[in-house]
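The structure appears below as structure tokens.
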Amino acid sequence: MATIIIHSNTLNFEQAKIIERVYGYAGKPVKVNNHFRIQLNEAPTREELNQLANEIKVDINLLPDGFDTSNVKLVISDMDSTLIGIECIDEIADYINVKPQVAAITEAAMRGELNFEESLTQRVALLKGLDTSALQKVFDDRLFLNPGAETWISGLKEQSIKFALVSGGFTFFTDRLKEQLGIDFTRANVLAKENHQLSGSVVGDIVGAQAKADFLNELCQQLNIQPNQVIAVGDGANDLLMMNEAGLSIAYKAKPAVQEKAATALNFSGLDAILDFIV
Ligand SMILES: [Mg+2]
28 MATIIIHSNT
38 LNFEQAKIIE
48 RVYGYAGKPV
58 KVNNHFRIQL
68 NEAPTREELN
78 QLANEIKVDI
88 NLLPDGFDTS
98 NVKLVISDMD
108 STLIGIECID
118 EIADYINVKP
128 QVAAITEAAM
138 RGELNFEESL
148 TQRVALLKGL
158 DTSALQKVFD
168 DRLFLNPGAE
178 TWISGLKEQS
188 IKFALVSGGF
198 TFFTDRLKEQ
208 LGIDFTRANV
218 LAKENHQLSG
228 SVVGDIVGAQ
238 AKADFLNELC
248 QQLNIQPNQV
258 IAVGDGANDL
268 LMMNEAGLSI
278 AYKAKPAVQE
288 KAATALNFSG
298 LDAILDFIV
């Protein structure tokens, strides 16, 4: 039996007709909480699902085999372009007039064309000499949560599911979001500074792709749970190792290389649609 999740709390006449054309009467969507599910004897391919999703303009995902939606204990998420709608480092770079250079490197790294650690070293070096007050300006004036973020996190709290934020970005931002949103665990890079200026490097080892995966496993040990009780969410190539460890991986408005490898993808919905995987 295959379970398909339709991430919408309503289906109009046209959408229902399209679904009936594809799956017939036996594949009728059934409402569960804020979404619909369809039970099929045979699992459709990702390509078939994508085609249907694009036709009805609603995200549709197949629940992976062996993932128990009633036994989720931890959700771990990337920060930049996942929980929040910006790449912090690109915005910081704007205050020292190197945004185009930095943003181009970020983009290539997120597509998986550059090694993340190497790309971060290059980008942070371009920030050398910037007054650290720029970090607060980015937080206050430019950082915004992606749609559904607050509903998502409060929904997890209601069900006593822990939430971890892990980022190849910086603790300056994860610390403040932790406080603002009541996040349980965070990990990110520490920007080195001297005399209120950025030194152009990070302190200690870089939190890159492997460190994100390691953080997931570390939290599993700490919480005494199994990786298949974890949902991992990300948008960039440096999230893939972490996503690979989790029971369910979600590509959120992600780069093509990430969507291809993740078990599920959200392209139309807000982050609150992640709650559809937890029932
Ligand atoms: Mg990201």
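Using the working numbering, you'd call the opening residue of the sequence shown number 28 and step up by one each time.
No residue lacks a Cβ here, since even glycine has one placed at the ideal position from N, Cα and C.
Tell me, which residues are paired with Asn98 by DSSP?
Translated into the one-based positions of the sequence shown, residue 98 becomes position 71. In DSSP, Asn98 forms no bridge with anything.
Have a look at Ser228 and Ala219 and give me their C-alpha separation to the nearest angstrom.
Here the question's residue 228 lines up with position 201 in the sequence shown. Here the question's residue 219 lines up with position 192 in the sequence shown. Taking the straight line joining both Cα atoms gives about 6 Å.
Output the distance between the C-alpha atoms of Asp241 and Leu89, rounded to the nearest integer angstrom.
The residue given as residue 241 occupies position 214 in the sequence shown. The residue given as residue 89 occupies position 62 in the sequence shown. Looking at the two C-alpha atoms, the distance is approximately 27 Å.
Going by the DSSP bridge assignment, what does Val193 pair with across the sheet?
As a working mapping, residue 193 is identified with position 166 in the sequence shown. BP columns for Val193 point to Asp105 and Arg214.
Would you list the one or two residues that DSSP bridges to Ala29?
Reading the sequence shown from its first residue, position 2 is the one you call residue 29. According to DSSP, Ala29 bridges with Leu67.
How far does the beta strand (DSSP E) with Ile258 in it extend, from its first residue to its last?
Numbered from its first residue, the sequence shown carries residue 258 at position 231. Val257 to Gly261 is the extent of the beta strand (DSSP E) around Ile258.
Taking 6 Å as the limit between beta carbons, can you name the residues of its chain near Ser194, skipping five residues before and five after?
The residue given as residue 194 occupies position 167 in the sequence shown. Around Ser194: Met106, Thr201 and Ala215.
Within the same chain, show all residues whose beta-carbon is closer than 6 Å to that of Gly112, passing over the 5 residues directly before and after it, in chain order.
Walking along the sequence shown from the start, residue 112 turns up at place 85. Excluding positions up to five away in sequence, the list reads Phe171 and Asn173.
Along the beta strand (DSSP E) that carries Lys58, what are the first and last residues, could you check?
By one-based count along the sequence shown, residue 58 stands at place 31. Val57 to Val59 is the span of the beta strand (DSSP E), which, as asked, contains Lys58.
Between which two residues does the alpha helix (DSSP H) holding Val49 run?
Numbered from 1 along the sequence shown, position 22 holds the residue referred to as residue 49. Val49 -> alpha helix (DSSP H) spans Phe40 to Tyr50.
Is any non-hydrogen atom of ligand 1 found closer than 7 Å to the C-beta of Thr109, if you look at the structure I gave you?
To locate residue 109, count along the sequence shown from 1; it is residue 82. Within the cutoff, so yes.
How many angstroms separate the CA atom of His62 from the CA atom of Ala120?
Working through the sequence shown from its first residue, we reach residue 62 at position 35. Working through the sequence shown from its first residue, we reach residue 120 at position 93. Spanning the two alpha carbons is a distance of roughly 40 Å.
Nearer than 7 Å: is that true of the beta carbon of Gly263 relative to any heavy atom of ligand 1?
Mapped onto the sequence shown, residue 263 falls at position 236. Result yes, Cβ under 7 Å from ligand 1.
Taking the C-alpha atoms as reference points, what is the distance between Glu307 and Val129?
Because the chain spans 28 through 306 in this model, residue 307 falls outside it and cannot be assessed.
For the alpha helix (DSSP H) that contains Asn88, what are its first and last residues?
Numbered from 1 along the sequence shown, position 61 holds the residue referred to as residue 88. From DSSP, Asn88 is part of no alpha helix (DSSP H) but of the beta strand (DSSP E) over Ile87 to Leu89.
Which residue spans inside the segment 248-294 form an unbroken beta strand (DSSP E) run of at least 3?
Runs found: 257-261, 275-279 and 291-293.
If you run the structure through DSSP and keep just helix, strand and coil, what is Val129?
Residue 129 sits at position 102 when you count from the first residue of the sequence shown. Val129 falls in the helix class under three-state DSSP.
Considering just the uninterrupted stretch of the alpha helix (DSSP H) at Val151, what are its terminal residues?
As a first step, residue 151 must be located in the sequence shown, where it is residue number 124. Counting along the chain, the alpha helix (DSSP H) containing Val151 begins and ends at Phe143 to Ala152.
Flag this pair as touching only if the segment 260-278 and the segment 133-141 have three or more C-beta atom pairs under 8 Å; answer yes or no.
Flag = yes, the segment 260-278 and the segment 133-141 touch.
Taking the alpha-carbon of Ile277 as reference, which of Thr213, Gln224, Gly51 and Thr109 has the nearest alpha-carbon?
Residue 277 sits at position 250 when you count from the first residue of the sequence shown. It is Thr109.
Could you compute how far the alpha carbon of Val234 sits from the alpha carbon of Glu145?
Taking the first residue of the sequence shown as 1, we reach residue 234 at position 207. Taking the first residue of the sequence shown as 1, we reach residue 145 at position 118. When rounded, the distance between both Cα atoms is 11 Å.
Kindly indicate the opening and closing residues of the alpha helix (DSSP H) around Ser160.
For this step, residue 160 is matched to residue 133 along the sequence shown. Residues Ser160 to Lys164.
Report the rounded CA-to-CA distance for Asn77 versus Ile65, giving the unit in angstroms.
In the sequence shown, counting from the first residue as 1, residue 77 sits at position 50. In the sequence shown, counting from the first residue as 1, residue 65 sits at position 38. Looking at the two C-alpha atoms, the distance is approximately 15 Å.
Could you give the DSSP three-state label for Ile326: helix, strand or coil?
As shown, the chain starts at 28 and ends at 306. That puts residue 326 outside it, with no answer to give.
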